[in-house]
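Working notes, structure below.
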Amino acid sequence: MFPEPPTPGPPSPDTPPDSSRISHGPVPPWALATIVLVSGLLLFSCCFCLYRKRCRRRTGKKSQAQAQVHLQEVKGLGQSYIDKVQPEVEELEPAPSVPGQQVADKHELGRLQYSLDYDFQSGQLLVGILQAEGLAALDLGGSSDPYVLVYLLPDKRRRYETKVHRQTLNPHFGETFAFKVPYVELGGRVLVMAVYDFDRFSRNDAIGEVRIPMSSVDLGRPVQAWRELQAAPREEEKLGDICFSLRYVPTAGKLTVIVLEAKNLKKMDVGGLSDPYVKVHLLQGGKKVRKKKTTIKKNTLNPYYNEAFSFEVPCDQVQVSSDLPFSKNPDPS
């Protein structure tokens with residue numbers, strides 16, 4: 064009653080094949096070549112990257128090593144220059160002094176050669192000023208006109224001067240001066256040898272000086288030595304000295320002023336001299352009530368006057384103040 068199931072037969076060629084029944088065939092050659100080529104390229108790229116990375120590391124290390132080497136060379140070169148320019152202190156030796164060589168250091172003033180001897184028979188100290196070298200140049204032309212002033216402290220009144228040597232920093236003096244001093248008093252004296260630069264139209268400039276305490280010198284035999292000049296102490300400008308006398312007679316109410324002389328006045332003229340005179344003022348209550356003046360002495364720094372002036376002053380008003388100015392031109396009043 065029921066129909067019979069169909070008998071399975073061979074598949075029709077028009078029927079699509081079942082996927083479970085498909086069989087894998089051989090790989091084509093071109094596909095295999097493509098796969099090998101791509102794999103080779105990938106492997107080559109990896110190897111090339113690793114090689115470049117390793118080369119960069121080697122180059123960096125080499126450059127750092129070269130930089131360190133160059134830095135060490137620069138340090139060594141700098142140290143060699145320092146050693147050449149600034150040697151060790153232990154290697155420095157004072158240069159020997161050459162006679163006649165001028166002093167290179169501007170702070171040095173030069174040096175002086177002198178001699179000392181004492182004549183026990185005459186009781187005189189003989190001071191020889193022999194020569195100087197390397198003196199400081201105080202003139203505009205790079206030279207000086209030196210001379211030496213010699214005296215024994217504390218007595219400044221007895222002074223000796225050498226001749227002036229023109230335009231030289233290495234003068235040869237060869238002069239000797241004698242100071243009559245008892246030997247027992249010589250230990251308390253100080254010998255001063257001061258070197259000056261002579262200036263015709265202004266004040267002479269001090270170059271330097273040598274001070275020798277005589278208590279430190281053995282005068283049992285002649286002494287000859289060199290000494291470095293030291294800076295001379297600055298002295299106040301001296302205008303000169305004047306000698307005068309005052310006399311007052313109370314019974315007559317008369318004041319007499321005598322102007323005797325003056326010495327070592329300041330140079331005021333271009334020629335190195337002055338034409339000095341003296342003014343005498345009588346003050347009362349701070350006001351000038353009387354004034355008189357001496358005659359003018361021409362072309363001298365040591366004028367001699369010996370002139371007397373009289374003023375009438377009561378006893379209860381005696382208060383004398385002397386104003387003694389020096390001028391190169393007379394006061395017309």
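Be aware that the sequence shown starts at 64, since it is given in the working numbering, and climbs by one per residue.
Even for Gly, the Cβ is constructed at its ideal location relative to N, Cα and C.
Reference residue i; option with closest CA among the options
i, options, result
"S206", "T231, F183, V190", "T231"
"G250", "S279, P377, L318, D332", "S279"
"P234", "E196, E248, D260", "E196"
"V376", "S337, K317, N365", "K317"
"V227", "F261, K116, G173", "F261"
"G283", "P92, L113, S108, D180", "D180"
"L215", "E272, G237, G204", "E272"
CB of residue i within 8 Å of CB of residue j, strictly
i, j, result
"L193", "S178", "yes"
"V255", "P209", "no"
"L309", "V320", "yes"
"P339", "K360", "yes"
"I270", "L172", "yes"
"V253", "M277", "yes"
"K329", "L302", "yes"
"K342", "K351", "no"
Span separating the alpha-carbon of residue i from that of residue j
i, j, result
"L95", "S102", "11 Å"
"V213", "P285", "18 Å"
"T239", "G191", "4 Å"
"Y367", "P217", "27 Å"
"D182", "L188", "6 Å"
"F374", "Q380", "12 Å"
"R274", "P296", "11 Å"
"L100", "R119", "28 Å"
"H344", "V312", "19 Å"
"Q293", "R174", "9 Å"
"L198", "G335", "25 Å"
"R117", "F111", "10 Å"
"C378", "Q347", "13 Å"
"N362", "N369", "18 Å"
"L364", "K219", "19 Å"
"T358", "A315", "27 Å"
"F236", "S185", "25 Å"
"L105", "Y114", "14 Å"
"D281", "S337", "45 Å"
"F372", "L203", "48 Å"
"D332", "Q176", "36 Å"
"V211", "R229", "13 Å"
"T97", "P91", "10 Å"
Own chain, CB closer than 7 Å to residue i, minus 5 neighbours either side, in chain order
i, result
"V137", "Interpretation of V137 is limited by its pLDDT of 47, a score under 50 that renders its predicted location unreliable; the figure taken from the coordinates is listed afterwards. So the list is empty, once near-sequence residues are dropped."
"V166", "Below a pLDDT of 50, predicted positions are generally treated as unreliable, and V166, at 39, falls in that range; the measurement from the model is reported next regardless. Same-chain partners within the cutoff: G173, G197."
Own chain partners of residue i with C-beta closer than 8 Å, once the 5 adjacent residues on each side are dropped
i, result
"S108", "none"
"E324", "I305, C306, N365, P366, Y367, Y368, N369"
Nonlocal neighbours in the same chain, by C-beta distance under 6 Å from residue i, ignoring five residues either side
i, result
"K354", "H344"
"Q164", "Caution is warranted here: a pLDDT of 41 is assigned to Q164, below 50, making its placement in the model unreliable, and the coordinate value is therefore given only provisionally. Once the five neighbours on either side are set aside, Q164 has no close Cβ partner at all."
Do three or more CB pairs link the segment 216 to 223 to the segment 285 to 304 at distances below 8 Å?
no
Below 8 Å, can you find three or more Cβ-Cβ pairs linking the segment 260 to 272 to the segment 231 to 245?
no
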